[in-house]
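Take my numbering: the final residue in the sequence shown is number 498, and no numbers are missing along the way. Even for Gly, the Cβ is constructed at its ideal location relative to N, Cα and C. Contents: one structure, followed by commentary.
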Amino acid sequence: MRSLLRENGLKWLASDVAIGWNNKNLLRCIVTSCRAVVLPRFGAAEVMEIRDDVSVPTLKPHEVLVRARAVSVNPLDTRMRAGYGRSLFQPLLPIILGRDVSGEVADVGSSVKSLRVGQEVFGALHPTAVRGTYADYVILSEDKLAPKPSSISHVEASAIPFAALTAWRALKSTARITKGQRVLVIGGGGTVGFAAVQLAVAAGCHVSTTCGDESIDRLLAAGAEQAIDYTSEDVEVAIKGHFDAALDTIGVAETERVAISLLKRGGHYMTLQGEAASLTDRYGIAVGLPLATAILLKKQIEYRYRHGIEYWWTFMRADPEGLHEIRKLSEAGKLKIPVEKILPITKVREAHEDKDRRKVIGKVVLEVD
Ligand SMILES: NC(=O)c1ccc[n+]([C@@H]2O[C@H](COP(=O)([O-])OP(=O)(O)OC[C@H]3O[C@@H](n4cnc5c(N)ncnc54)[C@H](OP(=O)(O)O)[C@@H]3O)[C@@H](O)[C@H]2O)c1
130 MRSLLRENGL KWLASDVAIG WNNKNLLRCI VTSCRAVVLP RFGAAEVMEI RDDVSVPTLK
190 PHEVLVRARA VSVNPLDTRM RAGYGRSLFQ PLLPIILGRD VSGEVADVGS SVKSLRVGQE
250 VFGALHPTAV RGTYADYVIL SEDKLAPKPS SISHVEASAI PFAALTAWRA LKSTARITKG
310 QRVLVIGGGG TVGFAAVQLA VAAGCHVSTT CGDESIDRLL AAGAEQAIDY TSEDVEVAIK
370 GHFDAALDTI GVAETERVAI SLLKRGGHYM TLQGEAASLT DRYGIAVGLP LATAILLKKQ
430 IEYRYRHGIE YWWTFMRADP EGLHEIRKLS EAGKLKIPVE KILPITKVRE AHEDKDRRKV
490 IGKVVLEVD
């Protein structure tokens, strides 16, 4: 390894990091191992371990090595830790949790064109990624990263991509909302819901949302025309139909029924609580996946023919164009995700416990020093 580094003009810095200039005069940083939060088995927060010697794979041509500065905690992280997705992840343990990251480019694969070493970037991994972002060094493909909005910190930036891309997928890629349309967001007080409200407002839509009492002012200030407290009001009575699109971040039977009843014919209902993972966890991939497909198809047919409504299970997906638009909106101050608590990554267990016990309702971010 050391001779390979010398050949490329690189300097060995420590047992796991080398830095220097390659033959194209580009700064290279070769990292062979790093500190990461590892999940060796499913369980409560204490099962997570911080290890110093987790190997960092060699970059593929389209990949980027990011020196993480902040990673945010998503509900998916705590659910995965507890066993959600076990049908996929069990054979791959130990895995690294975490989807969101903000940091600096440490190295780029040979075909990466849009990013350079040293640039500040933010982005998010797909829900099924095995090597997550709770680590000093994170690998993402180029299409999952964008330059970090310069007006915000790494902590603030790390709170945005996974949630905002989920909202983007639903509203922009699936429902294809356009100016003047009416959009309903069930759960506007949550991270994805708040991102969805801001995306829809920025697209020129008329937005109504449901949320807890303490989130009402924040949602109205973000441009929602109506923010209804779901804990004290009858949402169906307080919100008048007819909407072009409804994003249901809660996705229980009651919110689904209400949202469907408020949609106009041709409208789109999108739930974030698709059952593919939970059914494959329960019945295995061979039975669970076809069962999930059958349930989805049955609902799609039923809603289309009974109500004239398009029904979707929405999942986060990388979208380079979406991430660049999200960055622009953030730069313009039109898309913000409030961060409730910041902890060093060494306190990752505390962060997960806070979310498990609902001690912190909003976003928790882990700083990576
Ligand atoms: N399918 C996917 O790819 C995908 C991607 C991201 C997230 N998700 C899922 O989507 C959900 C939301 O994620 P998140 O990151 O936004 O979580 P979050 O920030 O923890 O937000 C959850 C919020 O939901 C609100 N809420 C609970 N019950 C409600 C109800 N009956 N009506 C209206 N609001 C209600 C609460 O808001 P108040 O404080 O206002 O009461 C709570 O703060 C999670 O279940 C997550 O696992 C799925």
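Local Cβ density within 10 Å of residue i, reported as buried at 16 or more and exposed below that
i    : result
L313 : buried
V416 : exposed
N152 : Below a pLDDT of 50, predicted positions are generally treated as unreliable, and N152, at 47, falls in that range; the measurement from the model is reported next regardless. So N152 counts as exposed.
D485 : exposed
E285 : buried
H283 : buried
K369 : exposed
I357 : buried
S361 : exposed
R118 : What the structure shows of the chain is the stretch from 130 to 498, and residue 118 is not part of that stretch, so it cannot be assessed.
V493 : buried
A199 : buried
I414 : exposed
R311 : buried
R394 : exposed
K301 : buried
L194 : buried
R487 : exposed
S132 : Reliability of the predicted coordinates at S132 is poor, the pLDDT of 45 falling under 50, and no value is obtained from them.
A423 : exposed
T257 : exposed
Residues sharing a beta bridge with residue i, DSSP
i    : result
I179 : V166
E192 : S270
Y263 : DSSP, once it has assigned bridges, lists no residue as partnering Y263.
V200 : L495
I225 : V167, R260
Residue i beta carbon near ligand 2 (any heavy atom closer than 7 Å)
i    : result
Y359 : This structure lacks ligand 2; its bound ligands are ligand 1.
Range of the contiguous beta strand (DSSP E) that encloses residue i
i    : result
Y266 : 266 to 270
E233 : 229 to 237
I357 : 355 to 358
A351 : Premise fails: A351 is in no beta strand (DSSP E) and is neither H nor E.
D377 : 372 to 377
V250 : 249 to 253
T400 : 392 to 400
Continuous alpha helix (DSSP H) stretch holding residue i: start and end
i    : result
R245 : Element bounds for R245: n/a, residue is neither H nor E.
A258 : Here A258 belongs to no alpha helix (DSSP H), and DSSP marks it neither H nor E.
E365 : 364 to 367
S216 : 215 to 218
T409 : 405 to 412
Residue ranges of each beta strand (DSSP E) run of no fewer than 3 residues wholly in the stretch 421 to 497, ordered along the chain?
439 to 442, 468 to 473, 492 to 496
Segments assigned beta strand (DSSP E), at least 3 residues, entirely inside the stretch 273 to 340:
274 to 276, 311 to 315, 335 to 340
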